[in-house]
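Participant:
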Amino acid sequence: MKSDLAKLRHARSKKDFPGISLEENEYVVLKIKRSGVIPILVWTGVILAAIFFIVLNVIIATTTNGTMFAMDSASRGFFSIIIDIVFGVILIAALISMNIYSNNRLFVTNKRIIQQAQASLFASSTNVIDLVSIEDVSFKQAGILEHLFRIGTLRMSTIGEETTYTFKYVDTPIDELETITHLVHIEKQERDERVNRH
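Heads up: take any position in the sequence shown, counting from 1, add 46, and you land on the numbering used here.
1) From this set, N71, V183, L229 and G91, which residue's C-alpha is nearest F133's C-alpha?
2) Given that a residue counts as buried once 16 or more other Cβ atoms are within 10 Å of its Cβ, and exposed if not, what is N156?
3) Per DSSP, S184 is paired with what?
4) Verify whether the separation of the beta carbon atoms of F63 and V74 is less than 7 Å.
5) From E57 to S49, what distance separates their C-alpha atoms?
6) By Cβ distance, which residues of its chain are closer than 7 Å to R196, with the 5 residues on each side in sequence left out?
7) Please state the DSSP three-state secondary structure of Y73.
8) Per DSSP, which residues does R158 bridge with? Please list them.
9) Run through DSSP, which three-state label would F168 get?
10) Out of V135, G189 and F213, which has the shortest C-alpha to C-alpha gap to S171?
In structure tokens:
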């Protein structure tokens, strides 16, 4: 019965997560994404920049001679192009950074943790950690902003080499921590039972 349920979950996970190579009877239990707070902050900054540049354009276009922003029509046109270029650069930078931000994911299966990390447009990596190798799972917050927005870093330490894997900008993952710890415990228990049988 337990084996049939695992096979069903495995088939469902293969369908739902085609980008992950799953072993036999392995299935995805959790998909952890980065917090939605950071994109909101970034797009708020872009909107504020757009408002600032629009107001600046209006001020320059409507000023008359003798005032601080007085310019001839050629200067106004040139200044308007500069403003458009600067805003375009800000918009492109925001789009690229949000693409990179959202492509960082952490999948927790019943056997492993699979971390898909992207540092830039052309730099990405995949880390795979067996649950039996995990010694400690913790959550760390540092600084006022992380406490204010209830985000932080999920940390997983492994046995032996003492490697620590981190996943930043996660919403406070109390339930996720309990689930991962429980899965680690189950996997270690099953490993011990297999060893005792042989």
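We treat Cβ as the ideally placed atom computed from N, Cα and C, and that holds for glycine.
Facilitator: Once the coordinates are examined:
1) Checked all of N71, V183, L229 and G91; the closest Cα to F133 is G91.
2) So N156 ends up on the buried side.
3) Under DSSP, S184 forms a beta bridge with R201.
4) Yes, the Cβ-Cβ distance between F63 and V74 is below 7 Å.
5) Glu is not the amino acid found at residue 57; the sequence shown has Ala there. Distance between the alpha carbons of A57 and S49 is about 12 Å.
6) Closer than 7 Å at Cβ, skipping near neighbours: D217 and T218.
7) In this structure, Y73 counts as coil in the three-state DSSP scheme.
8) Under DSSP, R158 shares a beta bridge with D176.
9) F168: coil per DSSP, three-state reduction.
10) The shortest C-alpha to C-alpha distance from S171 to any of V135, G189 and F213 is the one to F213.
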